[in-house]
Amino acid sequence: MHGEYKVPGGKLVVVDLDVVDNAIVNFRLAGDFFLEPDSALGDINAAVNGLPADSDAVSIAAAVRAALPAQATLLGFSPESVAVAVRRSLARASGWRDYEWQLIHTKAVAPVMQMALDEVLAIEVGEGRRSPTLRIWEWTEPAVVIGSFQSLKNEVDAEQAAKHGFTVVRRISGGGAMFMEAGSVITYSIYAPTDLVQGMTFADSYAFLDEWVLTALKSLGIDAYYQPLNDITSPKGKIGGAAQKRLGSGAVLHHVTMSYDMDGDKMVQVLRIGREKLSDKGITSAAKRVDPLRSQTGLSRDAIIDRMKTTFTGLYGAVTGEITEAEYARAAELVETKFSTEEWIGRVP
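Taking UniProt numbering, the leading residue of the sequence shown gets 1, the next gets one more, and so forth.
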């Protein structure tokens with residue numbers, strides 16, 4: 001069995017192993033990481049050999065760590081990353097290049113349609129009618145998108161939202177509220193088979209699915225990195241946040257919103273953001289604009305999106321795709337029966 005795991009911001013970890021009588025045998029670790037002393041490689045191999053094949057990632061990482069000599073130095077990887085690679089090999093997890101990716105960047109649609117498209121496209125991928133897809137969103141009107149489990153009245157000032165023309169919608173993933181205006185944010189969704197993140201914890205999968213966008217941002221001069229659980233940030237402040245949903249159809253929906261040039265004053269009027277949360281958004285003053293992508297690159301939103309598309313395509317071989325009329329029709333049905341209803345939007349009052 002063979003497994004690979006690219007450590008976000010680090011190196012590639014590769015494992016090969018066999019399973020005999022429910023035990024790991026013939027385990028061999030490789031990769032482009034750095035390890036001192038050289039003999040520690042043998043210590044790691046010996047630690048994993050003989051472990052039960054149903055060992056969880058925590059147990060595998062603990063065995064590796066216990067076997068390392070006191071002076072061992074691991075650069076670009078960790079015992080946890082070895083464990084992820086082992087679990088991925090045992091689960092026969094897939095890699096990005098195992099799929100024919102589509103990249104969709106099409107017409108702007110209403111916020112409620114964005115919510116429905118996320119569900120429809122994820123289901124289509126999970127059920128095998130659509131190849132794995134990256135979709136970049138465009139907006140027809142401003143919106144507040146609240147997480148699946150957030151309280152509507154605790155998160156949004158309804159009067160201020162109406163005053164500023166913001167529609168309030170609820171998505172199917174968890175996480176916090178997103179403040180959306182056309183031209184002020186960059187939002188994308190990844191719809192992939194769960195095999196792509198097989199063997200990973202939720203925390204590992206967040207960073208793994210966004211590694212490509214960190215590569216794109218770094219190529220633009222932004223010192224971007226992942227801050228667990230789900231934030232993309234830089235030394236100059238938070239850039240964006242991710243949310244995720246695993247569907248019973250066998251798909252993972254992963255979406256990210258990054259700030260391009262956001263009106264912080266308007267945001268704190270529409271969202272009920274306490275001081276603790278305000279600091280998390282990188283805003284020192286309510287009147288200040290939140291513009292990490294604009295200020296750190298000096299580029300237009302379109303130019304940044306173009307770099308993201310070029311990076312994703314170069315890494316994973318994506319081709320340009322479209323949302324089909326049938327998918328739009330199914331999404332329109334979900335708008336009527338679910339996403340525009342008071343029962344859904346106010347499911348947590």
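C-beta atoms are modelled at their ideal positions from N, C-alpha and C, and glycine is treated no differently.
Bear in mind that the values here come from a model prediction, so they are computed numbers and not experimental data.
Around the CB of Ser39, fewer than 16 other CB atoms lie within 10 Å, so the residue is classed as exposed. Within the same chain, Val213 and Ala216 come within 7 Å of Met308 by CB-CB distance, once the 5 residues on both sides are set aside.
Restricted to the region 174 to 241, the beta strand (DSSP E) segments that are unbroken, complete and at least 3 residues in length are 178 to 180, 185 to 193, 225 to 227 and 231 to 234, listed in chain order.
Rounded to whole angstroms, the separation of the alpha carbons of Thr106 and Ala143 is 19 Å. Counting the other Cβ atoms within 10 Å of the Cβ of Glu342 gives fewer than 16, which makes it exposed. Comparing alpha carbon positions, the residue from Arg294, Phe149, Leu229 and Ala23 closest to Lys236 is Arg294. If you draw a straight line from the Cα of Ala116 to the Cα of Ala331, it comes to about 5 Å.
The Cβ atoms of Ala108 and Thr133 do not sit closer than 8 Å to each other. Among the bridge pairs identified by DSSP, Arg135 is matched with Ile104 and Ser189. The alpha-carbon separation between Asp210 and Asp261 amounts to approximately 21 Å. For a cut-off of 8 Å, the C-beta gap from Arg347 to Arg170 is around 7 Å, short enough to register as a contact. Leu247 carries a coil assignment under DSSP once its states are collapsed to helix, strand and coil.
For Val144, DSSP records a beta bridge to Val168 and Phe179. Non-local C-beta neighbours of Val120 in its own chain, meaning closer than 8 Å and more than five positions away in sequence, comprise Glu327, Arg330, Ala331 and Leu334, ordered along the chain. CA-to-CA, the gap between Gly175 and Gln150 works out to about 8 Å.
Contact check for Ile146 and Ala177: beta-carbon distance about 5 Å, within the 8 Å limit, so the pair qualifies. If you compare the alpha carbons of Tyr316, Ala83 and Gln71 with that of Ala47, the shortest gap goes to Ala83. Taking a 10 Å sphere around the C-beta of Pro111, we find 16 or more other C-beta atoms and assign the residue as buried. Boundaries of the alpha helix (DSSP H) harbouring Val125: Pro111 to Gly126, taken from the DSSP string.
Annotation: the region 68 to 96 contains the following complete segments of the beta strand (DSSP E) (minimum length 3 residues), in chain order: 73 to 75. Around the beta carbon of Asp32, fewer than 16 other beta carbons sit within 10 angstroms, so the residue counts as exposed.
Assignment of Ala329 by DSSP, reduced to helix, strand and coil, places it in the helix class. In the three-state DSSP reduction, Gly31 falls in the strand class (E or B). Selection Ser148, Val64 and Ala207 evaluated against Lys338 yields Ser148 as nearest (Cα-Cα). The beta carbon of Ile44 sits closer than 6 Å to those of Leu29 and Val64, all from its chain and outside the five residues before and after it, given in chain order. Per DSSP, the beta-bridge partners of Asp18 are Val25. In the three-state scheme derived from DSSP, where H, G and I count as helix and E and B as strand, Glu322 is classed as coil.
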